[in-house]
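Student: The structure under discussion is supplied below as structure tokens; questions concerning it will follow.
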Amino acid sequence: MLVVQCALAAVLLLRRRAPVAVGWLLAAATAVLAVVEAAAPRSLVSVDTAGDAYPWLPAAAPFAAYAATAFGFRRGLGPAAVLVVLATHFWALPPDSPWLLQGVLFAGGPALLGLYVAARRRLLASLVERTERAERERHLLAEQARAEERSALAAEIHDLVTHRVSLMVLQAGALRISADQPETRAAADEIRETGAQALTELREVIGLLREPPAALLAAAEVGEAPPGRLSALVGESGVQAVLVEDGDPGRVRPVVGRAAYRVVQEALTNVRKHAPGAAATVTLRYRPEGVQVSVRNGPAAAPPDPAVVGSGTGLLGLRERVELLEGSLKAGPCDDGGFLLEARLPA
Numbered sequence: 001m002l003v004v005q006c007a008l009a010a011v012l013l014l015r016r017r018a019p020v021a022v023g024w025l026l027a028a029a030t031a032v033l034a035v036v037e038a039a040a041p042r043s044l045v046s047v048d049t050a051g052d053a054y055p056w057l058p059a060a061a062p063f064a065a066y067a068a069t070a071f072g073f074r075r076g077l078g079p080a081a082v083l084v085v086l087a088t089h090f091w092a093l094p095p096d097s098p099w100l101l102q103g104v105l106f107a108g109g110p111a112l113l114g115l116y117v118a119a120r121r122r123l124l125a126s127l128v129e130r131t132e133r134a135e136r137e138r139h140l141l142a143e144q145a146r147a148e149e150r151s152a153l154a155a156e157i158h159d160l161v162t163h164r165v166s167l168m169v170l171q172a173g174a175l176r177i178s179a180d181q182p183e184t185r186a187a188a189d190e191i192r193e194t195g196a197q198a199l200t201e202l203r204e205v206i207g208l209l210r211e212p213p214a215a216l217l218a219a220a221e222v223g224e225a226p227p228g229r230l231s232a233l234v235g236e237s238g239v240q241a242v243l244v245e246d247g248d249p250g251r252v253r254p255v256v257g258r259a260a261y262r263v264v265q266e267a268l269t270n271v272r273k274h275a276p277g278a279a280a281t282v283t284l285r286y287r288p289e290g291v292q293v294s295v296r297n298g299p300a301a302a303p304p305d306p307a308v309v310g311s312g313t314g315l316l317g318l319r320e321r322v323e324l325l326e327g328s329l330k331a332g333p334c335d336d337g338g339f340l341l342e343a344r345l346p347a
């Protein structure tokens, strides 16, 4: 009997990992001891002697009963084991036995506590699930609101900006036909080509606004990589700029090359707006770890035209584009009165 007591006490160490198994071992041990008590002759096993066989039960029962109901409630097997223990007590012990009440208290009390803990755990899990579901719904509603805002903005750009730029392109074409001087025709051609390119880019922006934010990267990945057009961009920018390229542009992903193109485009536009007549140097270094873009201009040769000074949102949007690729962007004045814009784009 001492060996059985020690074995059952050792089994309690597994009550967290296998609460149902421990509960049923407790029930089986209780039933075996009850059968032995009921079948043994009174001359061999008296009530007091039988009582000596039960001292392990009050020590083991609370832990096993609590674990069986608190951690094994899901399939109902844990509470069933506790019911077997209680039923065995009522069957094997006389109504006036002191072990009857003690067994009920030591097995039933922890079992009820375990049921309460299990119910509270399920309630907390349900509250957590409801909170997470509400958070997901809130996120979806916010995404839907942002999508509606993007769609409205795309419609506004299409109705206003695109219409006016299209009208500008048509007027430039008419001016080219009717102009007598070659300089006027050349200027009209440049206006027409610039407007046509602006229309293409506006349509691209409108398409991106009508898609989720992730479409920005997807469209850039499958679009044409513009690094090969950098020389044309620098030459047609209206800025006295020099292009310096170091490395192999062909190893650059389209999305990175497109971002580098936008960095150079925005930088040269700012030079033309804020530093008229300034010379600029455009440097691109293609490395295995990524692309380094640098646009540096000298001091302005003339004051900027107030009519063409921008709102400052160009650099903000450019920074967002670069950070979307997990890159970095720095912009600031130089000691000589010029301006430096640097971007690092990972490979």
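Using full-length UniProt numbering, the first residue of the sequence shown is number 1, and each one after it goes up by one.
Here a beta-carbon is modelled for each residue, glycine too, at the ideal position from N, C-alpha and C.
The model shown is predicted, which means the values in this text are computed figures rather than measured ones.
1. Since GLN292 is in the beta strand (DSSP E), which residue starts that stretch and which ends it?
2. Given this structure, state the Cα-to-Cα distance separating VAL298 from PHE339, to the nearest angstrom.
3. At what residues does the beta strand (DSSP E) containing SER328 begin and finish?
4. Helix, strand or coil: which one does DSSP assign to ALA182?
5. By DSSP's criteria, PRO346 is part of a beta bridge. Which residues make up the other side?
6. Would you list the one or two residues that DSSP bridges to ALA241?
7. Helix, strand or coil: how does DSSP classify PHE71 here?
8. Give every residue of the same chain whose Cβ lies closer than 7 Å to the Cβ of ARG287, excluding the five residues on either side of it in the sequence, and list them in chain order.
9. Taking buried to mean at least 16 other C-beta atoms within 10 Å of its own C-beta, is ALA142 buried or exposed?
10. From PRO227 to GLU236, what does the alpha carbon distance come to, in whole angstroms?
11. In the DSSP output, which residue or residues are listed as bridge partners for LEU340?
12. Can you tell me whether TYR116 is helix, strand or coil according to DSSP?
13. Can you give the Cα-Cα distance for HIS139 and ARG120, rounded to whole angstroms?
14. From LEU341 to LEU284, what does the alpha carbon distance come to, in whole angstroms?
15. Specify, as a first and last residue, the run of the alpha helix (DSSP H) that GLU236 falls within.
16. Taking all protein chains shown into account, do 16 or more other C-beta atoms lie within 10 angstroms of the C-beta of ARG344, making it buried, or fewer, making it exposed?
17. For THR88, does the count of other Cβ atoms within 10 angstroms reach 16, so buried, or fall short, so exposed?
18. Roughly how many whole angstroms lie between the Cα atoms of ARG150 and GLU323?
19. My understanding is that LEU325 touches ALA259, with C-beta atoms under 8 Å, so please give their C-beta distance in whole angstroms.
20. Might you give, ordered along the chain, the residues of its own chain that have their beta carbon closer than 8 Å to the beta carbon of PRO346, omitting 5 neighbours on each side?
21. Can you tell me whether ASP189 is helix, strand or coil according to DSSP?
22. Figure out for me which residue from VAL128, ALA65, HIS158 and PHE106 has the closest Cα to the Cα of GLY114.
23. Give me whichever residues DSSP pairs with ARG285 in a beta bridge.
24. Could you check what DSSP says for ASP159 in three-state terms: helix, strand or coil?
25. Quick check on VAL271: does DSSP put it in helix, strand or coil?
26. Closer than 8 Å by C-beta to VAL222: which residues in its own chain qualify, once you throw out the five before and the five after it? Chain order, please.
27. Taking buried to mean at least 16 other C-beta atoms within 10 Å of its own C-beta, is GLY337 buried or exposed?
28. Measuring alpha carbon to alpha carbon, tell me which residue in PHE106, CYS334, PRO95 and ASP96 is nearest LEU26.
29. Could you pull out every residue in the same chain whose Cβ sits closer than 6 Å to the Cβ of PRO333, ignoring the five residues on either side in sequence?
30. For ILE206, count neighbouring Cβ atoms within 10 angstroms of its own Cβ and tell me buried if that reaches 16, exposed if not.
31. If you reduce the DSSP assignment to three classes, tell me which class ARG319 lands in.
32. Do you know how far the Cα of LEU233 is from the Cα of ILE177?
33. Is it buried or exposed, THR200, if we count other Cβ atoms within 10 angstroms and call 16 or more buried?
Tutor: Taking the definition as stated:
1. Along the sequence shown, read from residue 1 onward, the residue named residue 292 stands at position 292. Bounds of the beta strand (DSSP E) holding GLN292 are 290-297.
2. Residue mapping note: residue 298 aligns to position 298 of the sequence shown, counting from 1. Residue mapping note: residue 339 aligns to position 339 of the sequence shown, counting from 1. For clarity, residue 298 is Gly in the given sequence; the question names Val instead. Rounded to the nearest angstrom, the gap between the Cα atoms of GLY298 and PHE339 is 7 Å.
3. The residue you call residue 328 lines up with position 328 of the sequence shown. DSSP places SER328 inside the beta strand (DSSP E), whose first and last residues are 328-333.
4. Counting from one through the sequence shown, the residue named residue 182 turns up at place 182. Position check: residue 182 holds Pro in this sequence, whereas Ala was assumed. In the structure shown, PRO182 sits in a helix (DSSP, three-state: H, G or I).
5. Your numbering for residue 346 matches position 346 in the sequence shown. In the DSSP secondary-structure assignment, PRO346 is bridged to GLY290.
6. Taking the first residue of the sequence shown as 1, we reach residue 241 at position 241. According to DSSP, ALA241 bridges with ALA280.
7. For the purposes of this step, residue 71 is taken as the residue at position 71 of the sequence shown. Assignment of PHE71 by DSSP, reduced to helix, strand and coil, places it in the coil class.
8. By 1-based counting over the sequence shown, the position of residue 287 is 287. If we look at ARG287 and ignore the five residues flanking it on each side, its Cβ neighbours are GLY247.
9. Residue mapping note: residue 142 aligns to position 142 of the sequence shown, counting from 1. Classification of ALA142: exposed, given that the 10 Å Cβ count is below 16.
10. Looking up residue 227 in the sequence shown gives position 227. Looking up residue 236 in the sequence shown gives position 236. Summary for PRO227: the model assigns pLDDT 48, below 50, so the residue's position carries little reliability, and this model does not support an answer.
11. Translated into positions along the sequence shown, residue 340 becomes position 340. Bridge partners of LEU340: ARG296 and GLY332.
12. Counting from 1 along the sequence shown, the entry for residue 116 is found at position 116. The answer is helix: DSSP assigns TYR116 an H, G or I state.
13. Position 139 of the sequence shown, counted from the first residue, corresponds to residue 139. Position 120 of the sequence shown, counted from the first residue, corresponds to residue 120. Cα to Cα, HIS139 sits roughly 28 Å from ARG120.
14. For the purposes of this step, residue 341 is taken as residue 341 along the sequence shown, with counting starting at 1. For the purposes of this step, residue 284 is taken as residue 284 along the sequence shown, with counting starting at 1. Just so you know, the alpha carbons of LEU341 and LEU284 end up roughly 12 Å apart.
15. Locating residue 236 in the sequence shown gives position 236, where the first residue counts as 1. No alpha helix (DSSP H) contains GLU236, which DSSP labels as neither H nor E.
16. For the purposes of this step, residue 344 is identified with residue 344 of the sequence shown, where counting begins at 1. By the neighbour-count rule (16 or more Cβ atoms within 10 Å), ARG344 is buried.
17. Counted from its first residue, the sequence shown places residue 88 at position 88. It is buried - the Cβ of THR88 has at least 16 other Cβ atoms within 10 Å.
18. Locating residue 150 in the sequence shown gives position 150, counting from the first residue. Locating residue 323 in the sequence shown gives position 323, counting from the first residue. When rounded, the distance between both Cα atoms is 20 Å.
19. Residue mapping note: residue 325 aligns to position 325 of the sequence shown, counting from 1. Residue mapping note: residue 259 aligns to position 259 of the sequence shown, counting from 1. Beta-carbon to beta-carbon, LEU325 and ALA259 are separated by about 6 Å, close enough to satisfy the 8 Å threshold.
20. The residue given as residue 346 occupies position 346 in the sequence shown. Here the set comprises VAL256, GLU289, GLY290, LEU325, GLU326 and GLY327.
21. If you number the sequence shown from 1, residue 189 lands on position 189. Of the three classes helix, strand and coil, the one that applies to ASP189 here is helix, per DSSP.
22. For the purposes of this step, residue 114 is taken as the residue at position 114 of the sequence shown. In terms of Cα proximity to GLY114, the closest of VAL128, ALA65, HIS158 and PHE106 is ALA65.
23. Mapped onto the sequence shown, residue 285 falls at position 285. Paired residue(s): ASP246 and GLN292.
24. One-based indexing of the sequence shown puts residue 159 at position 159. Looking at ASP159 - three-state DSSP - the assignment turns out to be helix.
25. For this step, residue 271 is matched to residue 271 along the sequence shown. DSSP places VAL271 in helix when its eight states are reduced to three.
26. Counted from its first residue, the sequence shown places residue 222 at position 222. Confidence in VAL222 is poor, its pLDDT being 44 and thus under 50, which makes the residue's placement too unreliable to answer from.
27. Walking along the sequence shown from the start, residue 337 turns up at place 337. Burial call: exposed.
28. On the sequence shown, residue 26 is found 26 positions in, with the first residue counted as 1. Answer by Cα proximity: PHE106.
29. Looking up residue 333 in the sequence shown gives position 333. Excluding residues within five positions, the ones whose Cβ falls inside 6 Å are PHE339.
30. On the sequence shown, residue 206 is found 206 positions in, with the first residue counted as 1. Label assigned to ILE206: buried.
31. Counting from 1 along the sequence shown, the entry for residue 319 is found at position 319. Helix at ARG319.
32. As a working note, residue 177 is residue 177 in the sequence shown. As a working note, residue 233 is residue 233 in the sequence shown. Roughly 26 Å separates the two Cα atoms.
33. Here the question's residue 200 lines up with position 200 in the sequence shown. With fewer than 16 other CB atoms across the displayed protein chains lying within 10 angstroms of its CB, THR200 is exposed.
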